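Read through the structure below, which is laid out as structure tokens, and then see the notes.
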Amino acid sequence: MSAYSKNSFEFEGAKASYLVGGAGFPILMIHGSGPGASTMGNWRLVLEPLAQRYRIFAMDLIGFGESGRRPKTPYFDVNFWLAQCKAMIDSIPGGDIGIIGHSVSGALALKLAASNQRVKKVLTTGSMGAHFKVNAATLRCWTAPKTRADLLELAKATIHDQRHVTDAWIAGREKVLFEDATYGPYFTAMFPRDRQEYVDDAVLSVEELSRIQCDVTMMHGRNDIPFPPSMSISIAEKIPQADLILLARCSHSVAVEYPDKLLAAAHLLFGSPAPEA
Numbered sequence: 006m007s008a009y010s011k012n013s014f015e016f017e018g019a020k021a022s023y024l025v026g027g028a029g030f031p032i033l034m035i036h037g038s039g040p041g042a043s044t045m046g047n048w049r050l051v052l053e054p055l056a057q058r059y060r061i062f063a064m065d066l067i068g069f070g071e072s073g074r075r076p077k078t079p080y081f082d083v084n085f086w087l088a089q090c091k092a093m094i095d096s097i098p099g100g101d102i103g104i105i106g107h108s109v110s111g112a113l114a115l116k117l118a119a120s121n122q123r124v125k126k127v128l129t130t131g132s133m134g135a136h137f138k139v140n141a142a143t144l145r146c147w148t149a150p151k152t153r154a155d156l157l158e159l160a161k162a163t164i165h166d167q168r169h170v171t172d173a174w175i176a177g178r179e180k181v182l183f184e185d186a187t188y189g190p191y192f193t194a195m196f197p198r199d200r201q202e203y204v205d206d207a208v209l210s211v212e213e214l215s216r217i218q219c220d221v222t223m224m225h226g227r228n229d230i231p232f233p234p235s236m237s238i239s240i241a242e243k244i245p246q247a248d249l250i251l252l253a254r255c256s257h258s259v260a261v262e263y264p265d266k267l268l269a270a271a272h273l274l275f276g277s278p279a280p281e282a
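Using my numbering, the first residue of the sequence shown is number 6, and each one after it goes up by one.
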């Protein structure tokens with residue numbers, strides 16, 4: 006990623022790592038919470054195109070990617086990650102910003118919009134933030150794979166068309182999951198409670214939803230089984246200005262399955278001049 010520089014800051018005893026690049030309207034990008042998730046794992050197909058139009062701050066949540074690990078439990082902590090995102094926003098110069106958030110970070114993005122007037126535009130993909138009952142596919146997404154076969158089962162749960170499960174996708178996840186012997190135990194330790202409680206932790210209250218006044222676009226795969234589209238539908242119904250895009254033949258990994266559609270939605274939401282020839 007030659008167009009990006011790597012940066013970090015200390016937050017609550019851990020390193021928070023992020024990539025920064027491009028110019029223009031600033032956008033904070035935040036990935037999901039599956040095993041091996043990271044900025045590059047989630048956004049690698051859209052980072053460069055977005056940086057041609059915007060100033061991108063793509064951050065790894067603590068416990069993922071190149072960020073450090075939280076020195077004390079709980080490791081899966083929506084409020085902790087929300088505070089990390091607020092610290093990141095405080096470090097971004099200027100005024101208005103946008104946020105792109107995936108899965109649990111879709112909920113984080115919406116919570117930030119409800120509490121920070123600098124947030125003027127939000128784009129979510131496969132967002133959490135409403136009640137749903139966990140299922141076998143959800144459990145697969147929150148269980149550390151121990152073998153390549155486990156990893157391929159995770160891909161089946163999150164990617165509708167398996168042609169998108171490329172060698173690069175597999176290699177990227179294998180590097181994170183299997184080369185560091187401590188990663189699997191740390192990820193497993195994120196979930197000492199019933200998985201349903203982690204879904205409920207991310208739910209936005211009616212009061213929070215009422216405070217979201219910025220422009221919102223929510224994208225969700227119609228075939229998303231682990232984190233069903235009913236969540237985005239429910240949330241969008243409570244935000245009068247929210248646009249809702251349901252993608253056919255798409256599961257949970259919108260940025261992997263339909264990067265061009267994500268980019269088109271981003272350009273419509275965030276605006277910007279066309280890239281220079």
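A virtual CB, placed ideally from N, CA and C, is assigned to each residue, including glycine.
Quick caveat: nothing in here was measured; it's all calculated off a predicted structure.
- For the pair Pro150 and Asp95, the Cα-to-Cα distance works out to about 35 Å.
- Bounds of any beta strand (DSSP E) do not take in Phe192; it lies within the alpha helix (DSSP H) bounded by 188-194.
- Closest in alpha carbon position to Tyr80, among Arg178, Gln201, Ala19, is Ala19.
- Cβ neighbours of Pro234 within its own chain (closer than 8 Å, five residues either side excluded): His225, Gly226, Arg227, Leu251.
- Pro31 is positioned such that its CB atom lies closer than 8 Å to that of Gly99.
- With the rule of 3 Cβ pairs closer than 8 Å, the region 268-275 does not count as touching the region 160-177.
- Separation of Ala154 and Arg75 (C-alpha to C-alpha, rounded to the nearest whole angstrom) is 29 Å.
- When DSSP states are grouped into helix, strand and coil, Leu209 belongs to the coil group.
- Where Asp95 is concerned, the enclosing alpha helix (DSSP H) starts and stops at 83-96.
- Secondary structure of His225 (DSSP, three-state): strand.
- The region 62-71 makes no contact with the region 135-151: fewer than 3 CB pairs, one atom from each, lie closer than 8 Å.
- Taking the CA atoms as reference points, Pro245 sits about 21 Å from Ile102.
- Bounds of the beta strand (DSSP E) holding His107 are 102-107.
- Its Cα nearest to that of Trp48, the residue Asp265 stands out among Phe196, Asp265, Asn121.
- Taken in chain order, the unbroken stretches of beta strand (DSSP E) that lie wholly in the region 241-276 and span 3 residues or more are 247-252.
- When DSSP states are grouped into helix, strand and coil, Glu15 belongs to the strand group.
- Below 8 Å, enough C-beta pairs join the region 206-226 and the region 122-133 to call them touching: three or more.
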